[in-house]
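Asker: Protein chains in written order, with my numbering: chain A, 3 to 112; chain B, 120 to 280; chain C, -5 to 508; chain D, -3 to 84.
No residue lacks a Cβ here, since even glycine has one placed at the ideal position from N, Cα and C.
Predicted, not measured: the structure shown is a model, and the values here were computed from it.
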Amino acid sequence: MKKLAFIAFVVFFFFLFYSAYEIRDFGNPPSNVKETFPDAKYKVTMDDRIIGKYNTTTGEWEYGAVEETGANNVVTSVVFDYRGYDTLGEATVLFTAIAGIMLLFGREKK
Amino acid sequence: MKNEEMNEGKMTVIVQTIAALLFPLALIFSFYVIMHGHLTPGGGFQGGAIGASAVVLLIVAYGVKHVEEKMSEGGFSVFESLGGLIFVVVAIFGLFLATSFLANFLVNEPIFGKIPGWGESPLNSGGILPILNIAVGMKVIGGLSAVVLILALISREGEEK
Amino acid sequence: MNVMEHLPALIIAIPLLAAFLTPLVDKISKKVRNAVVFIALAATFILTIFLVQDVFENGIMIYVMGASNPTQTIPMQAAVPIRIVLEIDGLSAFMALISVLIALIGLIYSFSHVEERGGKFYTLFLLMLVGMLGMELTGDLFNLFVFLEIASIASAALITYEFKRGSTTEAALKYIVISSIAALFVLFAIGLLYGEYDLLNMAAIAKAIKITGLSNIDMIALILFFAAFAMKAGAAPMHMWMPDAYGEAPGAVSMVLIAVTQASLYALLRVCFTIYADSLHVVIPAAIIIFGLISIFIGVTMALIQDDIKRLIAYAAVAEVGYILLAIGVGLYGVLNNEVELYARKALQGGIFHIFNDILDIGLLFLVAGGIIYITKERNLNKLGGLAHSMKYTSILFLIGLAAVAGLPPMNGFASKIMIYESVYKVSPILSIVAILASIIMLAIFVKIFHSVFTGPKISEQKDVPKLMLASMIILAALIIFFGLFPDIIINNIVNPAVNALIENAAYISNVMG
Amino acid sequence: MFEISLFEVLIILLSVFMIASAIIAIWFKDLLASVIALAVMSLLLSLYFYILHAPDVAIAEAGVGACLTTAILIITIKATKRMEGDEE
């Protein structure tokens, strides 16, 4: 059993290292959007679309999180607006865990 | 006298005084992080965690029984459920008042709907984001405090036996 | 505002709202709480029926969360979807229908005896349903992970409901450890795909893999997905949590746990058939077939030696999962080899139909076993006996479930198993023979249980089970007999759209990517 | 030929300390010491997140990982035995 666990560990470790070696560099945008979607109308990825462009002549944001959600902190606009449904899910995970603990440890009021 | 106090899970007077001073500060900081979620780094979850750690501070300094007299785990649990309800109700409002579930229906409306320009950051921007932040904050403060409180109570009962 | 357009969001929002409301209402009155829970579930059930009808008639349904136009997946000036997209095709609709139906029946069953700590019980029950539905309706990988977590944690908590027996806590611990490992694998695989393509939408990733070909990272992600979902679906070498979890949970929870397991199976199907599809290697269907065979073998042999009634049924459930995996593996093999009309379609029909039958048959047996334990407070087969004297209806219902699981002709189990045998025979006769043999052993086992539990001299005077319990069992039994007598209606109207969704993944992609 | 910026030195140091504290957490038989080592790891991790320009995650990690998880674990240890494998 210990040998089996060791083999599993080695395989998983290899996966981790190999994928860390193979994956695109940290912080770089994916360069292959054009090859990935040759028939797409615009070549704008998820990140670029969320961050958007600031038009210096009109003084307004164009097609970005700030224009769409009105929040200065782009991270919050992703967490609560673009992926708000996921945040609802995460909050529910917390709620579920706590309800479970209450079921296990909670005392009925006498 | 001193030993008895230690047995009840209380700390010394120094710790208690510092905790009493720090508790409101931590709560205010938590509230600040939650309210400014759409402007500065942070948000409901982070602020809620800070708020819950303030409650943990009280539990450590004054003992579980003292905290439970002020607010029981049932109270925290209700607080948490309320947070969840606000989140879902706001999301469903998006469905009925605007276009879709979780739609940001307050953007470009008078109260919260301001869209900030370059470099400015008014508190009343962000549409429904501040409301959702507050909902998640309530949920996290209530939930995490309830867990710590309930575990501490169980742990104390085990010691008394 | 057109409500039909917003059905996918409402189906998840209503039970979620009720789950948050239940702890508050519980403080006011127990009756109001039960009413709230029941109304929420019934409303979800009705909406799900509308959704299923809509999907089967008009094809794939799309819903973009929070967008100004919920049917436009790709926003202005972008090449890919940004927001979370719910995408419901035939398979999703089929699974959602099963989940809600089973949850409703389980709720009626629970009303009869769950009183103590009921507020938390019903909250978690609703959350379990939310988790399943979220997994089945979503079109987004990360969202799938989030709802997988909700379903896992809620089920683990519900397993501990009767925590005064210490073994429940052990079973729940086993379940939560397995779930955490699976969730970790899934998260890691999603991270790899996101790092590779900058995408989270399943249809978009499927298209990207189709265009750029399978890279090594995709392969690692596939292995991780496969390991995690097969583990959660209870395929044989990783089935060790199933007998514990199914055996220790309360009756209704055991039944709904099958639906949770099958939600993981759905995720496995989605990954294999939709995301990777044509770039899959033949190793994957071969692995699924082998897992299926091992599951059948282990399930049947281990069931022979059990003397705890619920653990025995749990091992039978492992064998049933094996049948589903066998059929789906053969179907996937056929789809990859372009032999769809020859045998793959039939195998998939049998497999998908068996998903429904598995949950009805094993679910009925779990409910009956739960009823027996509730009345006699005894789980050991050797100490039970003569219950047919006092529990007439229950014993008849048990007989129906027994015949269905063993695959006897008038029941639904026969209808799907005959399709599986027939199609599997075309690939290799040995597979078919093993499956038939296992089915015969299963019949022997259940006849043994029936003999030891229901026949024989009367040991003690007992009442029959409560009325609500009986009602929920009768609904299941009626469905079993209906499906057995008219399998063609079910296959043509419910199963075929799901099978088509599996075989033609191009429609799934083009609905999102245009 | 072998230029390392201050940033890289910081990242390498943090990584080494994090791995060290993680190993310590597994190594110790005293569970309380393990938990403290875990808290140190969480704190360093939150610093790491801050360096990687993710202040949101850093705050969450500091609050949950370093404070609340530690508190919950210590409370649990108080309710059970402190030393690993010391049963009666």
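Check whether chain G comes within 7 Å of B:Val186, counting only Cβ atoms and requiring the distance to be less than that.
Answerer: Looking for chain G here will not work: the only protein chains present are A, B, C and D.
Asker: Verify the CB distance criterion: does B:Val255 have a CB-CB separation below 7 Å to chain A?
Answerer: Here residue 255 of chain B corresponds to residue number 136 of the second sequence, with the count starting at 1. Answer yes: the Cβ-Cβ gap between B:Val255 and chain A drops below 7 Å somewhere.
Asker: Between which two residues does the alpha helix (DSSP H) containing B:Ile281 stretch?
Answerer: Lying outside 120 to 280, the shown extent of chain B, residue 281 of chain B is not represented and no answer is given.
Asker: State yes or no: is the beta carbon of A:Ala73 nearer than 7 Å to at least one beta carbon in chain B?
Answerer: Stepping through the first sequence from its first residue, residue 73 of chain A is reached at position 71. Yes, contact with chain B.
Asker: Residues in its own chain within less than 7 Å of D:Ala62 by CB, not counting five upstream and five downstream?
Answerer: Here residue 62 of chain D is taken as the residue at index 66 of the fourth sequence, counted from 1. Closer than 7 Å at Cβ, skipping near neighbours: Ala35, Ser38, Leu39 and Ser42.
Asker: Helix, strand or coil: how does DSSP classify C:Glu81 here?
Answerer: Locating residue 81 of chain C in the third sequence gives position 87, counting from the first residue. Of the three classes helix, strand and coil, the one that applies to C:Glu81 here is strand, per DSSP.
Asker: Residues of the region 49 to 80 of chain C in Cβ contact with chain B at a cutoff of 8 Å, in chain order, please.
Answerer: So the close ones are Tyr57, Val58, Met59, Gly60, Ala61, Ser62, Asn63 and Pro64.
Asker: My guess is that C:Asn(-4) and C:Pro75 are in contact by the Cβ rule of under 8 Å, so how many angstroms apart are they, rounded?
Answerer: Counted from its first residue, the third sequence places residue -4 of chain C at position 2. Counted from its first residue, the third sequence places residue 75 of chain C at position 81. C:Asn(-4) to C:Pro75, Cβ: 22 Å. No contact.
Asker: Buried or exposed for A:Phe19, going by 16 or more other Cβ atoms inside 10 Å?
Answerer: Looking up residue 19 of chain A in the first sequence gives position 17. Burial call: exposed.
Asker: For the beta strand (DSSP E) that contains C:Ile56, what are its first and last residues?
Answerer: As a position in the third sequence, residue 56 of chain C is number 62, starting the count at 1. Met55 to Val58 is the extent of the beta strand (DSSP E) around C:Ile56.
Asker: Checking 7 Å against the spacing of the C-beta atoms, do C:Asn376 and C:Asp301 come in under that value?
Answerer: Counting from one through the third sequence, the residue named residue 376 of chain C turns up at place 382. Counting from one through the third sequence, the residue named residue 301 of chain C turns up at place 307. Yes, they are a contact pair.
Asker: Counting beta carbon pairs with one atom in the region 207 to 221 of chain C and one in the region 175 to 193 of chain C, are three or more of them shorter than 8 Å?
Answerer: Because the criterion of three Cβ pairs below 8 Å is met, the region 175 to 193 of chain C and the region 207 to 221 of chain C touch.
Asker: Whose C-alpha, out of C:Leu41, C:Ile475 and C:Asp20, is nearest the C-alpha of C:Leu4?
Answerer: On the third sequence, position 10 is the one that residue 4 of chain C refers to. For C:Leu4, the nearest C-alpha among the options comes from C:Leu41.
Asker: Is the CB-CB distance between A:Gly54 and A:Tyr44 below 7 Å?
Answerer: Against the first sequence, residue 54 of chain A aligns to sequence position 52. Against the first sequence, residue 44 of chain A aligns to sequence position 42. Not a contact, by the Cβ cut-off of 7 Å.
Asker: B:Gly167 and B:Ile245 - do their beta-carbons sit closer together than 7 Å?
Answerer: By 1-based counting over the second sequence, the position of residue 245 of chain B is 126. By 1-based counting over the second sequence, the position of residue 167 of chain B is 48. Contrary to the premise, residue 245 of chain B reads as Gly rather than Ile in this sequence. No. Outside cutoff.
Asker: Does DSSP put C:Asn374 in a helix, in a strand, or in coil?
Answerer: Indexing the third sequence from 1 puts residue 374 of chain C at position 380. Three-state DSSP puts C:Asn374 in a strand.
Asker: Can you confirm whether C:Pro423, when its beta carbon is compared against all beta carbons of chain B, has any partner nearer than 7 Å?
Answerer: Here residue 423 of chain C refers to the residue found at position 429 when the third sequence is read from its first residue. Cβ-Cβ to chain B under 7 Å: no for C:Pro423.
Asker: Can you list, in chain order, the residues of its chain with a C-beta nearer than 6 Å to that of C:Ile290? Leave out the 5 residues immediately preceding and following it.
Answerer: In the third sequence, residue 290 of chain C corresponds to position 296, counting from 1. Here the set comprises Ala313, Gly316 and Ala432.
Asker: Whole angstroms is fine: what's the gap from D:Ala86's alpha carbon to A:Phe14's?
Answerer: Residue 86 of chain D lies beyond the stretch modelled for chain D, which goes from -3 to 84, so this question has no answer here.
Asker: Of the choices C:Ile439, C:Tyr387 and C:Glu498, whose alpha-carbon is the least far from that of C:Ala400?
Answerer: Counting from one through the third sequence, the residue named residue 400 of chain C turns up at place 406. Taking only the C-alpha atoms, the option nearest C:Ala400 is C:Ile439.
Asker: Does the count of Cβ pairs from the region 113 to 131 of chain C and the region 84 to 102 of chain C closer than 8 Å reach three?
Answerer: At 8 Å Cβ cutoff, the stretches touch.
Asker: Pairs of beta-carbons, one from the region 209 to 226 of chain B and one from the region 80 to 95 of chain A, closer than 8 Å: are there three or more?
Answerer: As far as the Cβ criterion goes, the region 209 to 226 of chain B touches the region 80 to 95 of chain A, which means the pair count is three or higher.
Asker: On a Cα-Cα basis, can you pick out the residue from C:Gly323, C:Thr449 and C:Met55 that is closest to C:Gly379?
Answerer: On the third sequence, position 385 is the one that residue 379 of chain C refers to. Nearest option by C-alpha distance: C:Thr449.
Asker: Quick check on the burial criterion: 16 or more other C-beta atoms within 10 angstroms. Buried or exposed for B:Gly213?
Answerer: By one-based count along the second sequence, residue 213 of chain B stands at place 94. B:Gly213 is buried by the Cβ-count criterion.
Asker: How about A:Thr78: is its C-beta nearer than 7 Å to some C-beta of chain B?
Answerer: For the purposes of this step, residue 78 of chain A is taken as the residue at position 76 of the first sequence. With 7 Å as the cut-off, A:Thr78 counts as an interface residue toward chain B.
Asker: Report the rounded CA-to-CA distance for C:Val421 versus C:Tyr260, giving the unit in angstroms.
Answerer: Here residue 421 of chain C is taken as the residue at index 427 of the third sequence, counted from 1. Here residue 260 of chain C is taken as the residue at index 266 of the third sequence, counted from 1. Spanning the two alpha carbons is a distance of roughly 24 Å.
Asker: Thinking C-beta only, is C:Met122 closer than 7 Å to C:Ser149?
Answerer: If you number the third sequence from 1, residue 149 of chain C lands on position 155. If you number the third sequence from 1, residue 122 of chain C lands on position 128. Contact: yes.
Asker: Given that C:Gly128 touches chain A, what residues does it touch there, using C-beta distances under 7 Å?
Answerer: Residue 128 of chain C sits at position 134 when you count from the first residue of the third sequence. Within 7 Å Cβ-Cβ: Gly91.
Asker: C:Ser106: buried (16+ other C-beta within 10 angstroms of its C-beta) or exposed?
Answerer: Start at 1 with the first residue of the third sequence, and residue 106 of chain C comes out as number 112. Classification for C:Ser106: buried.
Asker: Would you tell me roughly how many angstroms separate the C-alpha atoms of C:Leu320 and C:His233, rounded to the nearest one?
Answerer: For the purposes of this step, residue 320 of chain C is identified with residue 326 of the third sequence, where counting begins at 1. For the purposes of this step, residue 233 of chain C is identified with residue 239 of the third sequence, where counting begins at 1. If I take the Cα positions, the gap works out to 15 Å.
Asker: Along chain A, in chain order, which residues have C-beta atoms closer than 7 Å to that of C:Ala143?
Answerer: Taking the first residue of the third sequence as position 1, residue 143 of chain C is located at position 149. Checking the displayed sequence, the identity of residue 143 of chain C turns out to be Glu instead of Ala. By Cβ distance, chain A contributes Val95.
Asker: Give a yes or no on contact between the region 407 to 422 of chain C and the region 449 to 467 of chain C, applying the rule of three or more CB pairs nearer than 8 Å.
Answerer: They do not touch, by the three-pair rule.
Asker: Compare the C-beta of A:Lys45 against all C-beta atoms of chain C and say whether one is closer than 7 Å.
Answerer: What you label residue 45 of chain A is simply residue 43 of the first sequence in a count that begins at 1. Taking Cβ atoms only, chain C reaches closer than 7 Å to A:Lys45, which makes this a yes.
Asker: Below 7 Å between beta carbons is the criterion; list the residues of the region 51 to 66 of chain D that meet it against any residue of chain B, in chain order.
Answerer: So the close ones are Pro51, Asp52, Ile55, Ala56, Gly59, Val60, Cys63 and Leu64.
Asker: Check A:Asp88 in the structure and name its three-state DSSP category.
Answerer: Within the first sequence, numbered from 1, the residue matching residue 88 of chain A stands at position 86. Of the three classes helix, strand and coil, the one that applies to A:Asp88 here is helix, per DSSP.
Asker: With the cut-off set at 7 Å, would you say C:Thr117 and C:Thr16 are in Cβ contact?
Answerer: What you label residue 117 of chain C is simply residue 123 of the third sequence in a count that begins at 1. What you label residue 16 of chain C is simply residue 22 of the third sequence in a count that begins at 1. Yes, these two residues count as a Cβ contact at 7 Å.
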